[in-house]
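Engineer: Sequential numbering from 1 applies to the sequence shown in my numbering.
If you scroll down you'll find the structure; I have some questions about it.
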Amino acid sequence: MIKRLIFSFLSAFLLFICWPPISSWTCFVFFAFVPLLIVELDTSNNKISQKQFFGYSYLTFFLFNLLTTYWIKHAHIGGAVFAILCNALFMALVFSLFSIIKNNIKSKKTFFILPILWLGFEFLHLNWDLSWPWLTLGNVFAIHSHWVQWYSYTGVLGGSLWVLLVNISIIHIYEKTHKSGFRFKFLLSTFILLSIPLLSSNYLYMKYFHFLEPNSNSMDRINLLVVQPNIDPYRDKFSISQTNQTNDMLSLINPHVNENIDFIILPETFLAQPIWEHQFFNNLDIKKLFDLINSYKIKAKSSNESVTTYPLNIFVGATTLALSENSPTSKPLGSHKNQFYKVYNTALHLRKNSIKVYDKVYQNQDLLITTYHKSKLVPGAEKMPFQDFLFPILGDQILKIGSATSLGNFSSQDSLSVFKSVAFPSDSISKHTEYSIAPIICYESIYGDYVRRFVQKGAQAIFIITNDGWWKQTSGYKQHSMYAKLRAIETRCYIARSANTGISSIINPLGVIDHQIDWDKSGVISASILLNNNETFYTKHGDFLGRIASFLSISIFLLYLVRKKLKFSH
């Protein structure tokens, strides 16, 4: 028993020290599961029961989740307890199911059931109401993005598959060596499993780098200011007036703004006081932002006449309200029983219409505001899980449950939308560049398949806005920043990331950070980024590995049930 406990602790420790932001021990992930798999071998020999193996597995994954995501407690203590306990449970169940099926089928190839079941679980965990994919195994390489340039084909699930295959290869060596002695061919297969992805990544890195360098001058680009105000969300964000915050921000960026800037990017919920969407143009802070847009104009020629254009766009996070019908996420409007409204975590695109209207949502003469409502909401903190299912049963009681349990009740939008605008690289309107931006808000940036859909819809660059100060100075904000590098590789798009505080950055399509503002610092990044007009394999096909694994997992489970039934019938 003591040996098995040590092995369970060892697997948890290895998973912890290889996880970002720790950079020196990432390679340990390739044998982090081996101690736990050695414990699993004892189920085959009937030394321990399946219930006991589940206990050892749960211990491993509980410690792994606790050590890597303890920081959630700073934002939501209930959410932290739920995430750590439940995520550990799901992971342990995958290992237990693998062990049960493996011992039932008793084939030499049954170890390969584990990657299938695990990828099926990770795919489910990306796509259901209890979604918490922070510890998707492929995320472990976020700190070494040059190892996984092939994520532009597979996404992070390819990294998960790589990790599991190498671990299985090593446990296979261990098992065979104990039975029949060491054989060099087992070691060779492990070396090949490690080497081919690394060599492929190096090739793809150099290939894309050599493509980017000579072609960068001919590619469309836009000029950005990425702002990090550095406002403490616990001490200052909701105690300092919005007017003062806006004025401080304007003082911060004024030295950097000129008529060549295409976009100013401000962080998530920079406009923290809720704004009714039908009253956008009455908001004093939005008026100040439009005053800034109006301050920078250029003269461009159209035929024989001169036209005034306003190149500056502003991308800003806000909390917004909108009237709605009764729904799972709507709230009653005061004492009006038949009137409802919704609350959104929103990205706003402010611009002045000088040539053409793009995806107009709100307009006041030639002033335009387009909205995107955050749609990947944090379970518990921002939404009640399974609320669409519960609403027909519980009705308005769902709001009372949310209030009593501190569950969030934000709404989301039904479909993806990109922000469109125009850049003026010359003094001629006829040569203007139309481009599209993916608006990504905070937690959404850990969903590769979700982000790539914006690029599939036409986005040529990705803007991420976030407020990582909720997690304080822990590994949480560092992990969140590093995961964004994987989105750049998957889509081969530049990423501009604006954090209220945390890490604001510019990330190039190779997953390399070109510019960065560190924790607890205010500042502005001035950068020029290229616009991507090509789709990667991953952009086109998304998490195809997850879909395949889900199908195979269901097939394997059904096969197991059939074999079990036939066994008992005899």
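For every residue, glycine included, the Cβ atom is placed at its ideal position computed from N, Cα and C.
Threshold first: 3 residues or longer. Then list the beta strand (DSSP E) segments lying entirely within the region 171-245, N to C.
Structural biologist: Fully enclosed beta strand (DSSP E) runs of 3 or longer: 221-228.
Engineer: Alpha carbon to alpha carbon, how far is C18 from K478?
Structural biologist: Start at 1 with the first residue of the sequence shown, and residue 18 comes out as number 18. Start at 1 with the first residue of the sequence shown, and residue 478 comes out as number 478. Rounded to the nearest angstrom, the two C-alpha atoms are 14 Å apart.
Engineer: DSSP puts P439 in a beta bridge; with which residues?
Structural biologist: Working through the sequence shown from its first residue, we reach residue 439 at position 439. Beta-bridge pairing links P439 to F463.
Engineer: Which partner residues of S324 appear in the DSSP bridge assignment?
Structural biologist: Locating residue 324 in the sequence shown gives position 324, counting from the first residue. The partner list for S324 (beta bridge, DSSP) reads F340.
Engineer: Please work out which residues of its chain come closer than 6 Å, Cβ to Cβ, to L67, disregarding the five sequence neighbours upstream and downstream, and give them in chain order.
Structural biologist: If you number the sequence shown from 1, residue 67 lands on position 67. So the qualifying residues of the chain are F16.
Engineer: For S247, which option in K287, P274, N223 and N217 has the closest C-alpha, if you only look at C-alpha atoms?
Structural biologist: Sequence index remark: in the sequence shown, residue 247 carries index 247 (1-based). For the record, residue 247 in the displayed sequence is Asn; it is not Ser. When only C-alpha atoms are compared, the closest one is K287.
Engineer: Within 8 Å, do at least three Cβ pairs link the region 336-352 to the region 313-323?
Structural biologist: The region 313-323 vs the region 336-352: in contact.
Engineer: Between which two residues does the alpha helix (DSSP H) harbouring P332 extend?
Structural biologist: Translated into the one-based positions of the sequence shown, residue 332 becomes position 332. It is not in any alpha helix (DSSP H) - P332 instead sits in the beta strand (DSSP E) that spans K331 to L333.
Engineer: Could you give the C-beta distance for N103 and S8, rounded to a whole number, given that I count them as a contact under 8 Å?
Structural biologist: Position 103 of the sequence shown holds residue 103. Position 8 of the sequence shown holds residue 8. Between S8 and N103 the Cβ distance is about 19 Å, and since that is not below 8 Å, they are no contact.
Engineer: Pop quiz: G502 and T466 are said to be a contact at Cβ under 8 Å. What is the actual Cβ separation, rounded to whole angstroms?
Structural biologist: Taking the sequence shown and counting its residues from 1, the one referred to as residue 502 is at position 502. Taking the sequence shown and counting its residues from 1, the one referred to as residue 466 is at position 466. Rounded, the Cβ-Cβ distance is 6 Å, consistent with contact.
Engineer: Report the CB separation of V226 from I525 in whole angstroms; it is logged as a contact under 8 Å.
Structural biologist: As a working note, residue 226 is residue 226 in the sequence shown. As a working note, residue 525 is residue 525 in the sequence shown. At roughly 4 Å, the Cβ-Cβ gap stays under 8 Å, so V226 and I525 are in contact.
Engineer: Got a sec? Which residues, its chain only, sit under 7 Å from T154 by beta carbon, not counting five neighbours each side?
Structural biologist: For the purposes of this step, residue 154 is taken as the residue at position 154 of the sequence shown. The answer, listed in chain order, is Y538 and L545.
Engineer: What three-state label does DSSP hand R492 in the structure shown?
Structural biologist: Locating residue 492 in the sequence shown gives position 492, counting from the first residue. Three-state result, R492: coil.
Engineer: Sort F64, I48 and Y151 by Cα distance to A488 and report the nearest one.
Structural biologist: For the purposes of this step, residue 488 is taken as residue 488 along the sequence shown, with counting starting at 1. Checked all of F64, I48 and Y151; the closest Cα to A488 is Y151.
Engineer: Note down, in chain order, each residue of its chain lying with its Cβ closer than 6 Å to the Cβ of S434, except the 5 sequence neighbours on either side.
Structural biologist: Position 434 of the sequence shown holds residue 434. Here residue 434 turns out to be Glu, not Ser, going by the sequence shown. Counting only Cβ-Cβ distances below 6 Å, and skipping sequence neighbours, we find V422.
Engineer: Provide the residue span of the alpha helix (DSSP H) that contains Y362, from first to last.
Structural biologist: Taking the sequence shown and counting its residues from 1, the one referred to as residue 362 is at position 362. Here Y362 belongs to no alpha helix (DSSP H); instead the beta strand (DSSP E) covers Y362 to N364.
Engineer: Where do the ends of the alpha helix (DSSP H) carrying L312 lie?
Structural biologist: For the purposes of this step, residue 312 is taken as the residue at position 312 of the sequence shown. It is not in any alpha helix (DSSP H) - L312 carries neither H nor E in the DSSP assignment.
Engineer: Where does I6 land, buried or exposed, given buried means 16+ other C-beta within 10 angstroms?
Structural biologist: By 1-based counting over the sequence shown, the position of residue 6 is 6. By the neighbour-count rule (16 or more Cβ atoms within 10 Å), I6 is not buried but exposed.
Engineer: At what residues does the beta strand (DSSP E) containing Q516 begin and finish?
Structural biologist: On the sequence shown, position 516 is the one that residue 516 refers to. Taken as a continuous stretch (DSSP letters only), the beta strand (DSSP E) holding Q516 covers I513 to I517.
Engineer: For H349, which of helix, strand or coil comes out of DSSP?
Structural biologist: Here the question's residue 349 lines up with position 349 in the sequence shown. Here H349 sits in strand by DSSP.
Engineer: Return the residue from the list K521, I517 and E535 that minimises the CA-CA distance to A527.
Structural biologist: What you label residue 527 is simply residue 527 of the sequence shown in a count that begins at 1. Residue I517 is the option with its Cα nearest to A527.
Engineer: Given F33, which residues of its chain have a CB within under 7 Å of its CB, disregarding the five upstream and five downstream residues?
Structural biologist: Here residue 33 corresponds to residue number 33 of the sequence shown, with the count starting at 1. Within the same chain, F33 has close Cβ partners S11 and N167.
Engineer: So, at 6 Å on beta carbons, what are the nonlocal neighbours of I173 in its own chain, with the 5 sequence-adjacent residues on each side left out?
Structural biologist: Against the sequence shown, residue 173 aligns to sequence position 173. Here the set comprises F186.
Engineer: Ordered along the chain, which non-local residues of its own chain (more than five positions away) have a Cβ less than 6 Å from that of G159?
Structural biologist: As a first step, residue 159 must be located in the sequence shown, where it is residue number 159. Around G159: G138, F141 and V148.
Engineer: Between P385 and L130, what straight-line distance do the alpha-carbon atoms span, to the nearest angstrom?
Structural biologist: Counted from its first residue, the sequence shown places residue 385 at position 385. Counted from its first residue, the sequence shown places residue 130 at position 130. Cα to Cα, P385 sits roughly 6 Å from L130.
Engineer: Beta carbon of S475, beta carbon of Q228: below 9 Å?
Structural biologist: Position 475 of the sequence shown holds residue 475. Position 228 of the sequence shown holds residue 228. For S475 and Q228, no; Cβs fall outside 9 Å.
Engineer: Counting only the same chain and skipping the five closest in sequence on each side, list residues whose C-beta sits under 6 Å from that of S406.
Structural biologist: Looking up residue 406 in the sequence shown gives position 406. For S406, the predicted structure reports a pLDDT of 46, less than 50, and the residue's modelled location is therefore unreliable. The matter cannot be settled from this model.
Engineer: Please classify P255 as buried or exposed, where buried requires at least 16 neighbouring CB atoms within 10 angstroms.
Structural biologist: Start at 1 with the first residue of the sequence shown, and residue 255 comes out as number 255. That one is exposed.
Engineer: With the cut-off set at 9 Å, would you say T136 and L164 are in Cβ contact?
Structural biologist: In the sequence shown, the residue the question calls residue 136 occupies position 136. In the sequence shown, the residue the question calls residue 164 occupies position 164. For T136 and L164, no; Cβs fall outside 9 Å.
Engineer: C27: buried (16+ other C-beta within 10 angstroms of its C-beta) or exposed?
Structural biologist: Here residue 27 is taken as the residue at index 27 of the sequence shown, counted from 1. That one is exposed.
Engineer: Quick one: residues in its chain with C-beta nearer than 7 Å to the C-beta of K73, no 5 flanking neighbours on either side, listed in chain order?
Structural biologist: Here the question's residue 73 lines up with position 73 in the sequence shown. Cβ within range, chain order: A80.
Engineer: Expressed to the nearest angstrom, what Euclidean distance is found between the alpha-carbon atoms of P439 and A347?
Structural biologist: In the sequence shown, residue 439 corresponds to position 439, counting from 1. In the sequence shown, residue 347 corresponds to position 347, counting from 1. Approximately 7 Å, taken between the alpha carbons.
Engineer: Leaving aside the five residues before and after S23 along the sequence, list all residues of the same chain whose C-beta is less than 7 Å from its C-beta, in chain order.
Structural biologist: Translated into the one-based positions of the sequence shown, residue 23 becomes position 23. Once the five neighbours on either side are set aside, the close Cβ partners of S23 are I143.
Engineer: Rounded to whole angstroms, what is the Cα-Cα separation between H278 and N364?
Structural biologist: Taking the first residue of the sequence shown as 1, we reach residue 278 at position 278. Taking the first residue of the sequence shown as 1, we reach residue 364 at position 364. Those two C-alpha atoms are separated by around 11 Å.
Engineer: What residue range does the beta strand (DSSP E) around W118 cover?
Structural biologist: Within the sequence shown, the letter at position 118 stands for residue 118. Counting along the chain, W118 falls outside any beta strand (DSSP E), though it belongs to the alpha helix (DSSP H) covering I113 to H125.
Engineer: Looking at L119: is its Cβ nearer than 9 Å to the Cβ of A484?
Structural biologist: For this step, residue 119 is matched to residue 119 along the sequence shown. For this step, residue 484 is matched to residue 484 along the sequence shown. Result no, Cβ atoms of L119 and A484 do not sit closer than 9 Å.
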